[in-house]
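J.: Once you've had a glance at the structure underneath, I'll fire off some questions.
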Amino acid sequence: MKNNLRQIYRIIKMSIYRKIYGLKNVSKTFYMSGKSKISKDFEAGDYSFVAENCTIYSQVKIGKFTMLAPEVKIIGEDHNFHFPDKPIIFSGRPEQTKTEIGSDVWIGSRSIIMKGVKIGDGCIVAANSVVTKDIPPYCIVAGIPAKLIRKRFNEDEILIHKKMLTSTIKYTIKDYTS
């Protein structure tokens, strides 16, 4: 009974959040835990999660099972600064590039992901890291700027993980909250 009420609450909450935030490109199983600043063109895969106080600029896509911890920022690329005859504030904005975060990625609290970066499937970004460059799949990174700590899986485990990511297993709210 308690799990059924929780499931109903989550469905209603996300329906309201989708309308408030104008999120038309997120999976029905996408979940947010609190208020954030998210661009309306945000794309999110199945069972992905955004915690409270995140800031997500335009042209950002996250894959299924991906989690953004509290206060993650996906920002940048929003000012031209290379015109010597103009102050930055009057230099306009460059064309935005897409930021792509793969499936089953965990972005730790207060991390900053610079716009235009690609983060591969299965990556983990440690809390308070700043990602300024692309990260290959299955890497664990940390620091400012983020650097490789180690691989998440060995080659055999990567094959198992890839198979799981492409499976058609349906998960329930019970799986999602336990």
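Plus 4 on top of the position in the sequence shown (first one is 1) and you've got the working numbering.
All C-beta atoms, glycine included, are put in the ideal place defined by N, C-alpha and C.
1) For the candidate residues 143, 166, 33, 139, whose alpha-carbon lies nearest to that of residue 49?
2) Please check the pair residue 61 and residue 37, which I expect to be a contact at CB under 8 Å, by giving their CB distance rounded to whole angstroms.
3) Would you mind working out which of 159, 143, 162 sits nearest residue 153, comparing C-alpha positions?
4) Which whole-angstrom value describes the C-beta separation of residue 106 and residue 120, a residue pair presumed to lie in contact below a C-beta threshold of 8 Å?
5) Residue 103 lies in the beta strand (DSSP E); which residues open and close that run?
6) Straight-line CA distance for residue 51 to residue 85?
7) Any chance you could list the beta strand (DSSP E) runs of at least 3 consecutive residues sitting entirely within the region 10 to 89, in chain order?
8) Given a threshold of 16 other Cβ atoms within 10 Å of its Cβ, counted over all protein chains shown, does residue 101 qualify as buried or as exposed?
9) Rounded to whole angstroms, what's the CA-CA distance from residue 82 to residue 158? Just pull it up for me.
10) Give the secondary structure of residue 167 by DSSP, where H, G and I count as helix, E and B as strand, and everything else as coil.
11) Compare the C-alpha of residue 138 against each of 53, 24, 118, 113 and name the closest.
12) Does DSSP put residue 155 in a helix, in a strand, or in coil?
13) For residue 182 and residue 93, what's the separation of their Cα atoms in angstroms?
14) Please name the residue in 28, 15, 68, 91 whose C-alpha comes closest to that of residue 172.
15) What residues in its chain sit with their C-beta under 8 Å from that of residue 30, if we drop five residues either side in the sequence?
16) Name the DSSP bridge partner or partners of residue 121?
17) Just to confirm my understanding: we take residue 76, look at its own chain, exclude 5 residues before and 5 after, and list those with CB closer than 6 Å. What are they?
T.: This is what the structure holds:
1) 33
2) About 20 Å; that fails the 8 Å criterion.
3) 143
4) The pair is not a contact, with the Cβ atoms about 15 Å apart (cut-off 8 Å).
5) 103 to 105
6) 38 Å
7) 64 to 66, 77 to 79
8) exposed
9) 38 Å
10) helix
11) 118
12) strand
13) A caution first: residue 182 carries a pLDDT of 45, below 50, which makes its placement in the model unreliable, though a value can still be read off. Residue 182 and residue 93: Cα-Cα distance of roughly 47 Å.
14) 68
15) 22, 46, 47, 48, 52
16) For residue 121, which the question treats as bridged, DSSP gives no partner whatsoever.
17) 58, 111, 115
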